[in-house]
Amino acid sequence: MQTASTKQELREQLSLYRGKRIVMVPTMGALHEGHASLLRQARELAGAEGCVVSSIFLNPVQFDNAGDLATYPQTPEADLAVCRACGVDVVFMPTPDIMYCADRSIHLEETHLSTVLCGAKRPGHFAGVCLVVNKLFNLVQPTDAVFGKKDYQQLAILRRMVRDLDIPVTLHGAEIVREADGLALSSRNVRLTPEHREAAPTIRRSLLAARQAYRAGASEESTCAGVQQALTHIPGVRVDYVELVDAETLHPLADATRPALLAVAAYFGDVRLIDNIELTRTV
Ligand code: PAF
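Using my numbering, the first residue of the sequence shown is number 50, and each one after it goes up by one.
Right, here's the structure in full:
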């Protein structure tokens, strides 16, 4: 496994693989088993001949909250060990100064899917994600990239970016990886208090109950209300949103038979957790 901290080093390391399949997994570090599953999927897609590239870059421009950026866990040594164990070929670990020019003046904004759910709550977040992923795609020129479905809206927006900007990369969505008690893996989980860690699987349990209710014919409002109620009972928890939307457009369901997404974001103390579940009326 090779590591690159400058764009030039990255270009040199990747030159060996041009013409082969290059599969990228962008990350912000603090790698956990969810990232490992993305890396293993990337290794499988790349095969023995191809190249798996991961980036570890805590992207400051996608943080709308300075406290969240300052407390985001950083574990570079452990991250490299995870990458090595998952068969990564090249790890790109730039600093913000290397990634961004101080007087950068190009802004990249998706204007439809980003206006709802987390986008409505975190102004500028998805513009920052689009900017960094676009830059990483330009630097690496991957044939494929793998993103987790926990950040469902992020994946939908990146698919739109790739489509609308004709970026020649195939995106793959990977299933959410969970703890045994159902909590979706997240780099932020380590910041939960013991009490909130114990209560956090309520998110998953309430989403499963909501899916059952929705399948049995519950209205959109009561499906969301069930999740809201389950979470607001927990001391120190503030629900940011619970919304049932069209799984493709992320906007309100125009047709109840279309695949839907029930998405939730909640603050456990000052730790913001998100999760989601895909729903249909008929299955
Ligand atoms: O999902 C993440 O960890 C980040 O948003 C990403 C895609 C690596 C961009 O910084």
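We treat Cβ as the ideally placed atom computed from N, Cα and C, and that holds for glycine.
Could you give the first and the last residue of the continuous alpha helix (DSSP H) run that contains residue i?
i           : result
residue 309 : Unbroken run through residue 309 is the beta strand (DSSP E), 309 to 317; no alpha helix (DSSP H).
residue 293 : Unbroken run through residue 293 is the beta strand (DSSP E), 286 to 295; no alpha helix (DSSP H).
residue 276 : 269 to 281
residue 243 : 243 to 248
residue 148 : 145 to 148
residue 252 : 251 to 264
residue 62  : 56 to 64
Anyone know if the C-beta pair for residue i and residue j falls short of 7 Å?
i           : j           : result
residue 234 : residue 136 : no
residue 100 : residue 71  : yes
residue 311 : residue 259 : yes
residue 185 : residue 104 : yes
residue 111 : residue 177 : yes
residue 264 : residue 320 : no
residue 194 : residue 220 : yes
residue 243 : residue 232 : no
residue 77  : residue 191 : no
residue 269 : residue 293 : yes
residue 188 : residue 59  : yes
residue 277 : residue 286 : no
residue 198 : residue 222 : yes
residue 171 : residue 50  : no
residue 207 : residue 181 : no
residue 113 : residue 174 : yes
Does DSSP put residue i in a helix, a strand or coil?
i           : result
residue 183 : helix
residue 125 : helix
residue 328 : strand
residue 215 : coil
residue 103 : strand
residue 234 : coil
residue 117 : helix
residue 220 : strand
residue 225 : coil
residue 134 : helix
residue 188 : helix
residue 73  : strand
residue 207 : helix
residue 162 : helix
For the putative contact between residue i and residue j, defined by C-beta atoms under 8 Å, what is the C-beta separation to the nearest angstrom?
i           : j           : result
residue 108 : residue 201 : Contact doesn't hold; Cβ gap of about 19 Å is too wide.
residue 157 : residue 205 : Actually they do not touch by this definition, with Cβ atoms about 16 Å apart.
residue 305 : residue 295 : Wrong, their Cβ atoms sit about 10 Å apart, outside the cutoff.
residue 337 : residue 323 : Absent from the model: residue 337. The displayed extent of the chain is 50 to 332, so no value can be given.
residue 55  : residue 140 : Their Cβ separation, rounded to whole angstroms, is 13 Å, which puts residue 55 and residue 140 out of contact at 8 Å.
residue 227 : residue 253 : 7 Å
residue 80  : residue 128 : 5 Å
residue 159 : residue 209 : 6 Å
For the beta strand (DSSP E) holding residue i, just list the boundary residues, first then last.
i           : result
residue 197 : 193 to 197
residue 91  : Per DSSP, residue 91 belongs to no beta strand (DSSP E); it is in the alpha helix (DSSP H), 82 to 95.
residue 169 : Segment 166 to 170 is the alpha helix (DSSP H) holding residue 169; no beta strand (DSSP E) there.
residue 51  : 51 to 53
residue 140 : 139 to 141
Return yes when at least one heavy atom of the ligand ATP lies under 6 Å from the C-beta of residue i, else no.
i          : result
residue 91 : This structure does not include the ligand ATP; its bound ligands are the ligand PAF.
Exercise answer, beta-carbon shell around the ligand PAF heavy atoms below 6 Å: Listed by position along the chain, the residues with Cβ atoms less than 6 Å from a non-hydrogen atom of the ligand PAF are 75, 76, 77, 108, 111, 178, 181, 182, 200, 203.
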